[in-house]
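In what follows, a structure is listed as structure tokens, so that the remarks can point back to it.
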């Protein structure tokens, strides 16, 4: 924190400065004279500052960030500098991180011109890489490649390269200026291919072939510049450029756009674009194309055909040749620049060429379909990387188009990229910007249109936007207020629409508007409002299903409403309206629809997902109601569903992990139903899936945690099925993993609770084999949990602590330490009683309570305090029968009520040796 | 993977370092500083390359460029954001001062002649070298530490008034956007005075 100014003089100077500055200039002298009195230094100091303040206001230096100033100095000093053996003459250009000068060697009698490229970064790592590249590039000797002559470092550490100075025109201008006929264009181009081929055979890829990098001299020789160094010097072509740093994505290959490795095939693609443009005299992609359009055009859309232009006529063979080079998939292009050149030679000589036309099937492009979402997602990334320039160009582009096109674009943005937005990790300024731009569009469209089908699209568009903004059922931007606004717009527009024409499509649109409104209200915990909205959405969705020809989307929508409404009505674990029976009814309906959907569309992924989700909802509902058999059935079905989904999509890691999750869920349910043996292979399955995940990404802590937690499920299953040794081994493994994770991230409460859980499991496993060790682990678990609960009274942690206490107490009983056990039972009982009394009558807490009460009674009995024991047995008996009444008596505890009755009947026993 | 790797690992690094630092890992601060330094240097290099007499560029604040690339930072609480911006602004100042020193050293270095191109001497902006401003700023901080900090954040770091205010608040200094504006007016005058008449 900055220290206080203690010198009163300076404080006064500042104060007077501000007071004077606010006055009119003319009034200042008088004011100062009065305020400063006889203090001459004070008055002079303030006056100086006032004068300087005027100067400063007029000085452009202060109105820009400091870096601009430094940049100018840098530029000025370079223009005037010699570096080592060379003298700079004039700046001829800049690109990326480097500036290019014309220069001469100092000692060169003939003053041979060179081009000197200085990289504006003195990072030694970059300089090292450049030095290595230089050695390789210096070996390139070809008539059509500008020689790399020399290199070095400036006195302030910036690397520079010295190249043969080439005087010539960029190849596209050369071709237009000289009005070259087709044959000569091709011949010129073949020389370029020869140069590229030579470099490729030296394992050098250019990476940035474009007309600006290919100069043609006066005697018609093309010279390629910047071989292989484009990436290093100009930054990769996908780096963000500040200011006006040029980016030439028009020549980028599809794999470059997608961020895949760049190979010689990428150069072939760029050559294809070049040839296209040289022949047709026009650019392949319009200059005004925004980065999004460009990315789509490059990666998905087939290039426009090479058509006759300005007196040039192209026959099919030439066209085919160009398009082979332009193929999206690298392996479908010419395998080498030589082959490219050879096909052109065949064409010129009138022989049949190798190139074959692109078929319609190819045009649909496996590439495109397979990668559509990825392409869309990466196109968004591309957009982000192009940054400020891109976005403004896009907006300008938009503004210039006519109404229909505007609509098309909005459609494209919202519908096609909605899916891409869903899969992008996290929220980014790009997505927010897109949403914002899209909303501007929609508002504009909604004012201008009179067209009902457009209005319906509007409703649907607002729905999608709302989903992106803040629907927690989708990955979203967290802007629930914005989402609410959009959802309401959707509903308003939908109501108007339906009022004008109550056809089924409009019903469906309004239904989805009400659904998103309900979803968003639910996210904001406005349960009553959400309930009303679902109530409105449902009949509309049902009507749509009845009245429209059957399709997946409409029916999915209906199933989704039923499920989400069911969650609202009665899902445990999230806020709900406390009507679990109704929830169950809705879940069942949703399942019926999902089943029908899968039956009708067996190969549809989304249909299967719907089925999966429905089974999960039911499984959870049945589990919380303690219906073991029903829960088992539903969980099995859910597991089967996700297994099918994962099998159909083997590359998808998320789905694989879901399989692991469901497997452990089923294992838990089976254990609860007394079928531990069946649970073991399921838990092991989950374990091996998670091990695979960890192997694929060892640094990923989430995976490692999940693996540790999965191990505990294995432990449970093994223990309950009688394999104590196996259980012990896995429990120790889990503990070691969790401890390692905790050491790496000591502040993370959840991981500490994982460790506590591991100790708890070890206590359970070692119980009956090694009491002391078991007790030690139980104590550790309790200590860790106490520490965590002190920081945060999370109900899960409290529950864990209760169970740890019960475990410890049980062990102590078996060690004949009844007093200690009693204390632990009482403590657990109190905590469990608090939870039950608090109203969350969960079966878990009630079971804990009953066990505590029973245990305390047993302990008292052991200690010879029969009357206390009897009383406690009565209380425990009541708790057990309550559980039975709720159908929540687990199989483990099935015999408790009878046992207690027998004990009570038997009466007190002689005192054993107890402490 | 070629092209976009460098970018994503750099920003990923910064994000991780920030999270570690927030979580209490003191070493993470030096890693964060190093990562931010690298990235800002790279961005600065592009700017130095593009600067050219005949092209007018948008005034860019590189700290903002970097900030835009770090969505995780944008979603942190205002104090963590302020800490990041504060570190970044300081680093930006260091980078510039460093750069200017090297530039001067290059001129005075062995065997290299300096030829001043007379035409440019009249440009008032060229009279105000970063090193000169930096020295003046150090002197300003002796009596006016808060104002000097504002200069560092606004002038070197390119932060807005609001961000400057956030940074100051995060260190316990009371301020408002109006104070920041006043401080800047004052400091600017002081510095202008210190670097000499035009």
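Protein chains in written order, with the numbering used here: chain A, 307 to 1221; chain B, 3 to 200. For every residue, glycine included, the Cβ atom is placed at its ideal position computed from N, Cα and C. These numbers were taken from a predicted model, which means no experiment stands behind them.
If you draw a straight line from the alpha carbon of residue i to that of residue j, how long is it in whole angstroms?
i, j, result
"residue 1125/A", "residue 785/A", "56 Å"
"residue 448/A", "residue 501/A", "7 Å"
"residue 621/A", "residue 532/A", "34 Å"
"residue 708/A", "residue 604/A", "Only weak support is given to the placement of residue 708/A: the predicted model assigns it a pLDDT of 30, under 50, and the question is left unresolved by the model."
"residue 1171/A", "residue 1164/A", "10 Å"
"residue 592/A", "residue 583/A", "11 Å"
"residue 523/A", "residue 453/A", "15 Å"
"residue 579/A", "residue 520/A", "13 Å"
"residue 347/A", "residue 354/A", "10 Å"
"residue 413/A", "residue 392/A", "8 Å"
"residue 477/A", "residue 518/A", "7 Å"
"residue 982/A", "residue 1049/A", "33 Å"
"residue 587/A", "residue 764/A", "41 Å"
"residue 425/A", "residue 71/B", "23 Å"
"residue 40/B", "residue 51/B", "17 Å"
"residue 317/A", "residue 164/B", "24 Å"
"residue 1202/A", "residue 1087/A", "27 Å"
"residue 49/B", "residue 789/A", "39 Å"
"residue 645/A", "residue 434/A", "35 Å"
Could you spell out where the beta strand (DSSP E) holding residue i opens and where it closes?
i, result
"residue 420/A", "419-425"
"residue 407/A", "404-411"
"residue 459/A", "454-459"
"residue 530/A", "528-530"
Step through the CB atoms of chain B and report whether any lies within less than 8 Å of the CB of residue i.
i, result
"residue 1201/A", "no"
"residue 380/A", "yes"
"residue 324/A", "yes"
"residue 316/A", "yes"
"residue 376/A", "yes"
"residue 405/A", "yes"
"residue 1059/A", "no"
"residue 1090/A", "no"
"residue 371/A", "yes"
"residue 1002/A", "no"
"residue 670/A", "Only weak support is given to the placement of residue 670/A: the predicted model assigns it a pLDDT of 33, under 50, and the value that follows is read from those uncertain coordinates. No, no contact with chain B."
Quick one: does residue i have its CB under 8 Å from some CB of chain A?
i, result
"residue 132/B", "yes"
"residue 23/B", "no"
"residue 14/B", "no"
"residue 104/B", "yes"
"residue 249/B", "What is shown of chain B runs 3 to 200, which leaves residue 249/B out entirely."
"residue 81/B", "no"
"residue 191/B", "yes"
"residue 35/B", "no"
"residue 96/B", "no"
"residue 50/B", "yes"
What are the boundary residues of the alpha helix (DSSP H) that includes residue i?
i, result
"residue 1016/A", "1007-1026"
"residue 835/A", "833-853"
"residue 1214/A", "No alpha helix (DSSP H) contains residue 1214/A, which DSSP labels as neither H nor E."
"residue 876/A", "858-876"
"residue 442/A", "430-444"
Provide the residue(s) that pair with residue i in DSSP beta bridges, ordered along the chain.
i, result
"residue 466/A", "424/A, 458/A"
"residue 399/A", "406/A"
"residue 476/A", "521/A"
"residue 394/A", "409/A"
"residue 389/A", "392/A"
"residue 451/A", "530/A"
With a cut-off of 8 Å, do at least 3 Cβ pairs link the region 924-939 of chain A to the region 958-967 of chain A? no
Is there contact here, the region 919-929 of chain A with the region 953-962 of chain A, by at least three beta-carbon pairs under 8 Å? no
For the 8 Å Cβ check, are there 3 or more pairs between the region 508-515 of chain A and the region 605-613 of chain A? no
Please confirm if the region 364-376 of chain A is in contact with the region 155-166 of chain B, defined as three or more CB-CB distances below 8 Å between the two stretches. Yes: the two stretches touch, three or more of their Cβ pairs being nearer than 8 Å.
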